[in-house]
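Everything below concerns the one structure shown next.
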C-alpha cells in the first residue's frame, strides 16, 4: 500500500531580519515518488500548503533539501514545517519556529523650532518600531557633530508616536 512520505523539518538557520533558511529531509517516499517538496511557514502554528506561504522545490525525491525563506518581517516569530507530496497526499515534518531579528526603529519629521540663543523646541515622530518594542525614545544633542546617547539626552518615554519637548542650555 502507498503511504505518505516520512520527513523531518530542518531547523531554521541563517536567520536575519527578513530571511531565513530551512528545509526538510525526506527519509521515506511512502512507496511512490515524491513529486513536490518544500517548506511552508506562517505566524500561526501548524502552517499548511493550503493556507500559508510556501516554497516548492522544482524536483521531488528523497533526501535533504533547503530553501531560503524571504520577505519576512523584522522581529516576528514564524512557524515552519517541511512538506512532501506523493500520490497518497501531503505529509509534513515536525513543527519548528524562528524569530527574525529586529531592526532599528524609524524616526521621521525631525524639526527644531522656536530657536533662541539657549533653547529650542524639538519635534519628531517614531513611525516604525523595527519589529520590537521601543523601550526608550527622546532627543540627544552636542556641539561637535553627530550626537550620541553619551552626549546631552532628554528621554521622552517609550513606543511609537510623536515626541516633543524643549531643549535648554544650548
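Residue numbers (this note's numbering): 48 to 217.
Here a beta-carbon is modelled for each residue, glycine too, at the ideal position from N, C-alpha and C.
As the structure is a prediction and not an experimental result, all values here were calculated from the model.
Notebook entry, point to check: How many Å lie between residue 179 and residue 54 at the Cα?
Noted result: 34 Å
Margin query: Three Cβ pairs or more, each shorter than 8 Å: is that satisfied between the stretch 70 to 85 and the stretch 105 to 121?
Written below: yes
Notebook entry, point to check: Of the choices 145, 115, 113, whose alpha-carbon is the least far from that of residue 124?
Noted result: Among 145, 115, 113, the Cα nearest to that of residue 124 is on 145.
Check: Three or more C-beta pairs closer than 8 Å, one from the stretch 205 to 217 and one from the stretch 151 to 171: is that the case here?
Finding: yes
Next item on the list: Under 7 Å Cβ to Cβ from residue 152, same chain only, skipping five residues before and after it: list those, please.
Entry: Result list for residue 152: 173, 175, 176, 177, 181, in chain order.
Note to self: Judging by CA-CA distance, which residue of 133, 198, 196, 183 is the nearest neighbour of residue 250?
What the structure shows: With the chain covering 48 to 217 only, the question about residue 250 has no answer from this structure.
Note to self: Applying the 10 Å Cβ sphere with the 16-neighbour rule, what's the burial state of residue 56?
What the structure shows: buried
Next item on the list: Under 6 Å Cβ to Cβ from residue 65, same chain only, skipping five residues before and after it: list those, please.
Entry: 119
Note to self: Can you give me the C-alpha to C-alpha distance between residue 200 and residue 206, rounded to a whole angstrom?
What the structure shows: Whole-angstrom Cα-Cα distance: 17 Å.
Check: In terms of alpha-carbon separation, which member of 128, 116, 166, 133 lies closest to residue 63?
Finding: Closest option to residue 63, Cα to Cα, is 116.
Note to self: Less than 8 Å between the C-beta atoms of residue 202 and residue 142, yes or no?
What the structure shows: Not a contact, by the Cβ cut-off of 8 Å.
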